[in-house]
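Structure first, then comments.
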Amino acid sequence: MECNCDLSNSRGSFIIRHPILFHCTVIGVILVVFLCVSSLVILSKCLIPNRKILLKVPSPPVPEPKHAGIKLDTDSARAALVDVMRFPQELEDYNKWIKISDANAKRMSHVCEIATDALIYYLHNRDTAHGKNALTSAQELYVRISKRFDAHFNLKSRVSPRWYPSDFTITTFLAMYLLIPDTSSKDGAAKLVLDLIKKPDDLFSHSVSIHNSPMLVGPWLLAHEQLGTLDEALKNSSYHLILKYLDFDIVTDHESSGLHRDLSFLRDAQDVYYTNLWRMCRNNYAYTFLLTEDLRKRSPMRLWNRITRTIYHERIPITMLNLSTKTNKQATEVYPGTMWGLHVMPFSKILRYFTKDVNFMVRGRENDLPARTNANSRPMGYWTQLRQIFHREDDPEGRLKYLSTGFITDADDNQSSKMSRKLRSRPVFRALGFSCVFQYMNYGVLYQRLKHDNYAQLTSQELIFIDELEKNFTIYMQFLNLSQPKSNLTYYPTTSHEGILIKSLGMAVLKTTYNFHTKEYNTETIPSDTYDLHKEISKRTNDKLTMQ
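So this is what it looks like as structure tokens:
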């Protein structure tokens with residue numbers, strides 16, 4: 015078999031048949047290879063020295079993270095300050111109120127409160143003329159206060175000067191001065207704070223109770239941060255004692271002071287006293303509980319919100335005396351979220367009934383129950399006898415009048431002609447035998463048995479019965495052991511201020527009924543031989559309740 019391959023038309027045959035082209039191609043390939051090899055050699059020679067140079071340059075060290083220290087959350091603290099909404103009018107006559115060279119403590123407190131509001135106003139109104147004026151006024155007050163204290167300290171006296179306020183208003187002002195931006199001489203203000211507050215339970219070298227100490231923590235921490243000593247301050251034992259107090263552990267002993275399961279906050283085991291808690295949660299102090307994580311976890315705001323929903327009426331801002339005030343003025347701040355209807359607080363003997371139109375709250379008494387009114391401890395007396403029902407049309411700014419609903423007086427009491435001294439009046443029934451409050455379904459009951467130290471044999475039994483479904487309450491007032499031929503006791507069962515003279519010997523029973531809807535009273539005398547407390551409760555509740 016033969017195979018004939020004709021390559022005469024192939025590309026290779028074409029090159030072979032032209033030798034010059036063939037030799038040129040070979041030479042071109044050789045030159046390309048030579049140039050590539052030469053380029054690689056030259057490039058390698060250039061890179062080797064540079065590589066050696068690069069290796070000789072040490073890598074920059076990795077910087078260690080700097081310890082920035084603990085910082086206060088002042089941004090959150092400032093954000094929590096609620097705008098006071100108006101320029102303090104007292105600043106309009108600045109030259110008058112700023113003259114404090116001969117100021118007493120009361121005057122100084124007032125001036126510091128004005129300046130504190132001015133700083134908060136500035137925080138929210140920095141770009142306004144009023145805002146700038148507020149800042150200037152606060153700074154000038156700081157200069158004056160600083161000079162006053164410098165002069166005092168130069169005398170090497172650790173006794174509080176007579177113009178120094180005892181209710182922390184200067185330290186609160188200084189705290190705002192440190193917290194608000196743009197104030198001058200912050201280091202000087204911080205040093206002054208630490209001169210006044212060596213530690214949170216020490217104010218001007220005087221021990222401060224644990225109940226008041228949280229209100230000194232804010233200025234104390236702000237001052238330490240300003241001076242760069244915050245880390246050490248947070249290790250202070252007094253600070254940690256305050257944190258422990260702010261845990262507000264529930265008290266289990268009925269006779270103990272502190273926070274109880276029903277949200278009663280007792281002081282001295284008898285005194286229902288929310289004043290310090292109320293102050294902590296106000297605008298000038300609430301910022302404190304946002305400064306550190308430890309304080310944030312222990313903020314009393316949530317607890318205070320639970321309490322206000324229980325004992326404060328959001329539409330009728332009137333409250334029982336001495337829950338958060340020191341005077342006979344019952345107006346209070348407005349707190350939203352009121353729990354409507356009946357509610358009892360057994361540990362503090364409080365019975366209250368709230369609707370959108372009714373505010374009624376009473377409290378059973380303890381032995382020698384104190385009331386801190388006008389900064390002095392006096393028996394609560396007449397004010398726990400108050401049985402007045404408040405409605406939406408009542409003036410919350412009105413003050414309690416001496417002869418009011420539920421009062422019991424005797425002929426020796428002439429306080430009705432001395433209204434200015436009404437808080438000093440002596441109550442007829444002061445000592446207590448027993449009291450209790452309880453709630454069952456739609457019924458709320460307060461019972462107390464009272465004795466009077468001026469009437470050895472005289473006893474009073476009071477039963478307050480609220481029926482939530484029927485929207486009324488009934489008060490039974492029973493006087494036992496009336497031994498005098500002519501009794502001097504007068505009872506005021508309604509708002510008419512017309513008293514009923516208790517004349518009966520032996521025993522007298524008065525029944526007063528009030529309808530929350532019609533707002534009408536009805537008072538009647540019940541024959542003493544037909545009244546039985548236990549049977550009355552059983553009858554009113556269709557035998558659902560009895561008292562043993």
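With positions in the sequence shown counted from 1, the corresponding number in my numbering is that position plus 14.
C-beta atoms are modelled at their ideal positions from N, C-alpha and C, and glycine is treated no differently.
Nearest-angstrom Cα separation, counted from residue j out to residue i
{"i": "threonine 544", "j": "leucine 460", "result": "21 Å"}
{"i": "asparagine 486", "j": "tyrosine 457", "result": "10 Å"}
{"i": "valine 523", "j": "leucine 483", "result": "26 Å"}
{"i": "glutamate 104", "j": "glutamate 512", "result": "44 Å"}
{"i": "arginine 312", "j": "aspartate 87", "result": "15 Å"}
{"i": "aspartate 201", "j": "threonine 243", "result": "12 Å"}
{"i": "serine 278", "j": "methionine 359", "result": "7 Å"}
{"i": "leucine 464", "j": "cysteine 450", "result": "12 Å"}
{"i": "leucine 563", "j": "threonine 266", "result": "Only positions 15 to 562 of the chain appear in the structure, and residue 563 is not among them; the question remains open."}
{"i": "threonine 324", "j": "serine 223", "result": "27 Å"}
{"i": "arginine 162", "j": "serine 251", "result": "31 Å"}
{"i": "leucine 477", "j": "isoleucine 321", "result": "26 Å"}
{"i": "leucine 559", "j": "serine 552", "result": "5 Å"}
{"i": "lysine 120", "j": "serine 180", "result": "9 Å"}
{"i": "threonine 555", "j": "phenylalanine 404", "result": "26 Å"}
{"i": "threonine 508", "j": "histidine 238", "result": "58 Å"}
{"i": "isoleucine 211", "j": "isoleucine 194", "result": "20 Å"}
{"i": "alanine 300", "j": "proline 228", "result": "10 Å"}
{"i": "methionine 122", "j": "methionine 521", "result": "56 Å"}
{"i": "threonine 423", "j": "threonine 197", "result": "57 Å"}
{"i": "threonine 387", "j": "leucine 400", "result": "With a pLDDT of 41 at threonine 387, under the threshold of 50, the modelled position of this residue cannot be trusted; read the value that follows with caution. Straight-line Cα distance between these residues: approximately 16 Å."}
{"i": "threonine 333", "j": "glycine 412", "result": "12 Å"}
{"i": "leucine 95", "j": "threonine 473", "result": "52 Å"}
{"i": "leucine 241", "j": "alanine 91", "result": "19 Å"}
{"i": "glutamate 106", "j": "arginine 140", "result": "17 Å"}
{"i": "valine 173", "j": "phenylalanine 187", "result": "21 Å"}
{"i": "histidine 531", "j": "aspartate 97", "result": "39 Å"}
{"i": "glutamine 402", "j": "alanine 345", "result": "14 Å"}
{"i": "lysine 533", "j": "threonine 185", "result": "48 Å"}
{"i": "valine 372", "j": "histidine 357", "result": "14 Å"}
{"i": "asparagine 133", "j": "arginine 100", "result": "Per the sequence shown, residue 133 should be read as leucine rather than asparagine. Cα-Cα distance, rounded: 12 Å."}
{"i": "serine 542", "j": "threonine 526", "result": "15 Å"}
{"i": "asparagine 390", "j": "histidine 166", "result": "Summary for asparagine 390: the model assigns pLDDT 42, below 50, so the residue's position carries little reliability; its value from the coordinates is reported in the next sentence. Answer to the nearest angstrom: the Cα atoms are 29 Å apart."}
{"i": "asparagine 354", "j": "histidine 268", "result": "In the sequence as displayed, the identity of residue 354 is tryptophan instead of asparagine. So the two alpha carbons sit approximately 27 Å from each other."}
{"i": "tyrosine 288", "j": "phenylalanine 182", "result": "18 Å"}
{"i": "threonine 352", "j": "threonine 369", "result": "9 Å"}
Residue i - partner residues in DSSP beta bridges
{"i": "methionine 375", "result": "Arg366"}
{"i": "serine 566", "result": "Here the chain has residues from 15 to 562 only, and residue 566 is not among them."}
{"i": "serine 359", "result": "Reading off the sequence, residue 359 comes out as methionine, not serine. Paired residues: Ile364."}
{"i": "proline 480", "result": "In the sequence as displayed, the identity of residue 480 is isoleucine instead of proline. DSSP lists Gly458 and Phe487 as partners of isoleucine 480."}
{"i": "tyrosine 589", "result": "Residue 589 lies beyond the stretch modelled for the chain, which goes from 15 to 562, so this question has no answer here."}
{"i": "alanine 522", "result": "Phe493"}
{"i": "threonine 504", "result": "Thr423 and Leu515"}
{"i": "phenylalanine 262", "result": "According to DSSP, which records beta bridges pairwise, phenylalanine 262 is partnered with nothing at all."}
{"i": "tyrosine 452", "result": "One point to set straight first is that residue 452 is phenylalanine, not tyrosine, in the sequence displayed. Looking at the DSSP assignment, phenylalanine 452 forms a beta bridge with Val459."}
{"i": "leucine 273", "result": "Ile264 and Phe279"}
{"i": "serine 221", "result": "Asp216"}
{"i": "valine 286", "result": "Leu280"}
{"i": "alanine 345", "result": "Ile332"}
Rounded distance between the beta-carbons of residue j and residue i, thought under 8 Å
{"i": "isoleucine 264", "j": "leucine 273", "result": "6 Å"}
{"i": "tryptophan 234", "j": "valine 207", "result": "7 Å"}
{"i": "serine 199", "j": "tyrosine 156", "result": "7 Å"}
{"i": "glutamine 492", "j": "glutamine 475", "result": "4 Å"}
{"i": "leucine 192", "j": "leucine 236", "result": "4 Å"}
{"i": "tyrosine 349", "j": "tyrosine 367", "result": "So it is not a contact: roughly 17 Å between Cβ atoms."}
{"i": "glycine 232", "j": "threonine 302", "result": "4 Å"}
{"i": "asparagine 226", "j": "asparagine 168", "result": "Not confirmed; about 28 Å, so no contact."}
{"i": "serine 270", "j": "arginine 281", "result": "Between arginine 281 and serine 270 the Cβ distance is about 11 Å, and since that is not below 8 Å, they are no contact."}
{"i": "proline 314", "j": "phenylalanine 361", "result": "Contact doesn't hold; Cβ gap of about 19 Å is too wide."}
Beta strand (DSSP E) segment containing residue i, residue limits
{"i": "leucine 280", "result": "279-281"}
Delimiting residues of the alpha helix (DSSP H) encompassing residue i
{"i": "tyrosine 136", "result": "119-138"}
{"i": "lysine 558", "result": "Careful: lysine 558 lies outside any alpha helix (DSSP H) and carries neither H nor E."}
{"i": "isoleucine 321", "result": "315-325"}
{"i": "glycine 232", "result": "228-241"}
{"i": "serine 90", "result": "88-93"}
{"i": "leucine 309", "result": "307-311"}
{"i": "alanine 300", "result": "297-300"}
{"i": "glutamate 104", "result": "From DSSP, glutamate 104 is part of no alpha helix (DSSP H); its letter is neither H nor E."}
{"i": "aspartate 245", "result": "244-247"}
Proximity test, Cβ basis, 9 Å: residue i and chain C
{"i": "leucine 236", "result": "This model lacks chain C altogether, as it is built from one protein chain only."}
Complete beta strand (DSSP E) runs within the region 165-218 (minimum length 3 residues, chain order): 211-213
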